[in-house]
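Enquirer: All residue numbers for the sequence shown refer to this note's numbering, where the first residue is 4 and numbers rise by one. All residues carry an ideal CB built from backbone N, CA and C; glycine is no exception.
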Amino acid sequence: MIDTQPLGTKPLLRAIRVYNAKYNTKVRLEKYITDVPTKGAVHFFSRMQRLSDRERKDLDVMAIAPFLEKGQTEKEFWYKHTKLPAKQIHILQNPFLRKEFFPYIGKNREETAEKNGAFSIPMTPFSSAKKQTLSLKKNAFLITFILGANPPKKALYSYIEKLQKMSFTIPCFAVFCGCTEDIHQLCNPFSTSQKGSICTHILPLQTASTIAPLIHRSDLLIMKSGGQTVMEALGVATGDMYIHSEHTEGIQGIACWEKNNAEYLMQKRGAKIVSTKSFSSLLQESIEKHLA
């Protein structure tokens, strides 16, 4: 039996035990950890810790490699947080992603781009229910902001304002996903493109068919470190990754339940912490890397 939910582990295991006894079978529960396995993933782990030894024997955990504390082994991590032996822990190579992400897993841009190196991404703007296409040439620099379903208005405005003050020698595009109507109206004056400036797209929440190619094609991905977004970035991102913080002192400005996710991404993929104060210098660094 496959289960992806943090709740309901104990009753499911009890039901499996009754079923196995009645029908003389060996059904097991495969618990997929759909969040980043860190010490902060208590919504999954706390319930496993409270299981009895009898209940644990029918449980298998499926997850990506965990974020370890200094000097900690994987075996120690999993036993501490699940009380399960190593034989019941199964480490998977790829994160858990929606099907729209599958074509980009493990691929570089050359493999997923069109024959001329261009890239086309479908987007649904505020002005139309129909998708429009963002067409990017091979040398275009794409910045994507994914700051959650309720993005910080002040930070978004500051990011856009800083982008508009910069001058670019290559085609540059900035896509802001998940914005509300009031943010769109507030930032609308910045959405026009001029020579040497950046073409900005302020978008509402997008479907996975847009998010997947955006994350994959982005030269710079600015994100929050929620579990799903981190999983998606780990799975298909090919550019630089910056984790947004509301605080100028780095990780202190990140919500407590997302700090470990941020540390995981920093350790595994070299992500950096960014605030509106440090954004301009980090962006310049990323562009110079792109041009090198």
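Give me the residue from T183, N119, C190, D185 with the minimum Cα distance to A177.
Expert: Mapped onto the sequence shown, residue 177 falls at position 174. It is C190.
Enquirer: For M4 and L208, I'd like the C-alpha separation in whole angstroms.
Expert: Your numbering for residue 4 matches position 1 in the sequence shown. Your numbering for residue 208 matches position 205 in the sequence shown. Computed Cα separation, rounded: 33 Å.
Enquirer: Using the Cβ count rule (16 or more neighbours within 10 Å means buried), how would you classify V339?
Expert: One cannot answer for residue 339 here, as it falls past the ends of the chain, which runs 4 to 295.
Enquirer: Can you round the beta-carbon distance between D38 and G230 to whole angstroms, since I take them to be within the 8 Å contact cut?
Expert: Your numbering for residue 38 matches position 35 in the sequence shown. Your numbering for residue 230 matches position 227 in the sequence shown. That belief holds up - the Cβ atoms of D38 and G230 are roughly 4 Å apart, short of 8 Å.
Enquirer: Does DSSP put K86 in a helix, a strand or coil?
Expert: The residue given as residue 86 occupies position 83 in the sequence shown. The answer is coil: DSSP assigns K86 none of H, G, I, E or B.
Enquirer: Please tell me whether, using a cut-off of 7 Å, the distance from the CB of S138 to the nearest non-hydrogen atom of the ligand NAD is below it.
Expert: Here there are no bound small molecules, and the ligand NAD is not part of this structure.
Enquirer: So which of V45, I257, Q91, L71 has the shortest CA-CA distance to R59?
Expert: Taking the sequence shown and counting its residues from 1, the one referred to as residue 59 is at position 56. When each option's Cα is compared against that of R59, the closest is Q91.
Enquirer: So is P14 buried or exposed if we call it buried at 16+ other beta carbons inside 10 Å?
Expert: Start at 1 with the first residue of the sequence shown, and residue 14 comes out as number 11. P14 comes out exposed.
Enquirer: Determine the DSSP secondary structure at S248, reduced to helix, strand or coil.
Expert: On the sequence shown, residue 248 is found 245 positions in, with the first residue counted as 1. Looking at S248 - three-state DSSP - the assignment turns out to be coil, as it is neither helix nor strand.
Enquirer: Among K34, T41, N23, which has the Cα closest to the Cα of Q8?
Expert: Translated into positions along the sequence shown, residue 8 becomes position 5. Comparing Cα positions, the closest option is K34.
Enquirer: Mind checking E291: buried by the 16 CB within 10 Å criterion, or exposed?
Expert: For this step, residue 291 is matched to residue 288 along the sequence shown. E291 comes out exposed.
Enquirer: Between N263 and the rest of its own chain, which residues show a CB-CB distance below 8 Å, the 5 nearest in sequence each way excluded?
Expert: As a first step, residue 263 must be located in the sequence shown, where it is residue number 260. Result list for N263: V39, T41, K42, G43, A44, F70, in chain order.
Enquirer: Should R57 go down as buried or exposed, given a rule of 16 or more other Cβ atoms within 10 Å for buried?
Expert: Taking the first residue of the sequence shown as position 1, residue 57 is located at position 54. Classification of R57: exposed, given that the 10 Å Cβ count is below 16.
Enquirer: Applying the criterion that 16 or more other CB atoms from any shown protein chain within 10 Å of the CB defines a buried residue, is I257 buried or exposed?
Expert: Your numbering for residue 257 matches position 254 in the sequence shown. The residue is buried, with at least 16 neighbouring Cβ atoms inside 10 Å.
Enquirer: Which residue comes first and which comes last in the alpha helix (DSSP H) that contains A236?
Expert: Reading the sequence shown from its first residue, position 233 is the one you call residue 236. Segment 230-239, the alpha helix (DSSP H) holding A236.
Enquirer: Could you name each continuous alpha helix (DSSP H) segment of 4 residues or more that falls completely within the segment 45-80, going from the start of the chain to the end?
Expert: Counting whole runs of 4 or more residues, the segment 45-80 contains the alpha helix (DSSP H) stretches 45-52, 56-59.
Enquirer: Distance, Cα to Cα, T115 vs S123?
Expert: Position 112 of the sequence shown holds residue 115. Position 120 of the sequence shown holds residue 123. For T115 and S123, the distance between alpha carbons rounds to 10 Å.
Enquirer: So, under 8 Å CB-CB, I173 and N142 are touching, yes? Tell me the CB distance rounded to an integer number of Å.
Expert: Reading the sequence shown from its first residue, position 170 is the one you call residue 173. Reading the sequence shown from its first residue, position 139 is the one you call residue 142. At roughly 6 Å, the Cβ-Cβ gap stays under 8 Å, so I173 and N142 are in contact.
Enquirer: Just to confirm the assignment, what range does the beta strand (DSSP E) spanning L223 have?
Expert: Along the sequence shown, one-based indexing puts residue 223 at 220. Its beta strand (DSSP E) spans residues 223-226.
Enquirer: Checking the sheet assignment: what are the DSSP bridge partners for P125?
Expert: Position 122 of the sequence shown, counted from the start, is the residue given in the question as residue 125. Answer by DSSP bridge pairing, in chain order: T136.
Enquirer: Considering only their Cβ atoms, is the gap separating K118 from T127 smaller than 8 Å?
Expert: Looking up residue 127 in the sequence shown gives position 124. Looking up residue 118 in the sequence shown gives position 115. No, the pair does not count as a contact, with Cβ atoms beyond the cut-off.
Enquirer: Does DSSP classify A177 as helix, strand or coil?
Expert: Residue 177 sits at position 174 when you count from the first residue of the sequence shown. In this structure, A177 counts as strand in the three-state DSSP scheme.
Enquirer: Helix or strand or just coil, what does DSSP make of E114?
Expert: Here the question's residue 114 lines up with position 111 in the sequence shown. Helix at E114.
Enquirer: Using CA atoms only, rank isn't needed, just tell me which of L217, E184, L223, S212 is closest to I205.
Expert: Locating residue 205 in the sequence shown gives position 202, where the first residue counts as 1. Among L217, E184, L223, S212, the Cα nearest to that of I205 is on E184.
Enquirer: What three-state label does DSSP hand V39 in the structure shown?
Expert: By one-based count along the sequence shown, residue 39 stands at place 36. It is coil, neither helix nor strand.
Enquirer: Look up K156 in the DSSP assignment and say whether it is helix, strand or coil.
Expert: Position 153 of the sequence shown, counted from the first residue, corresponds to residue 156. The answer is helix: DSSP assigns K156 an H, G or I state.
Enquirer: Classify P216 as buried or exposed, calling it buried when 16 or more other Cβ atoms lie within 10 Å of its own Cβ.
Expert: What you label residue 216 is simply residue 213 of the sequence shown in a count that begins at 1. Burial call: buried.
Enquirer: Kindly indicate which three-state DSSP category I5 falls into: helix, strand or coil?
Expert: In the sequence shown, counting from the first residue as 1, residue 5 sits at position 2. DSSP places I5 in strand when its eight states are reduced to three.
Enquirer: Once you ignore the five residues that flank S200 on each side, which residues in its own chain have a CB closer than 6 Å to its CB?
Expert: Position 197 of the sequence shown, counted from the first residue, corresponds to residue 200. The answer is none, since no qualifying residue turns up.
Enquirer: What residues match up with T147 in a beta bridge as DSSP calls it?
Expert: Locating residue 147 in the sequence shown gives position 144, counting from the first residue. DSSP output for T147 lists V178, L224 as bridge partner(s).
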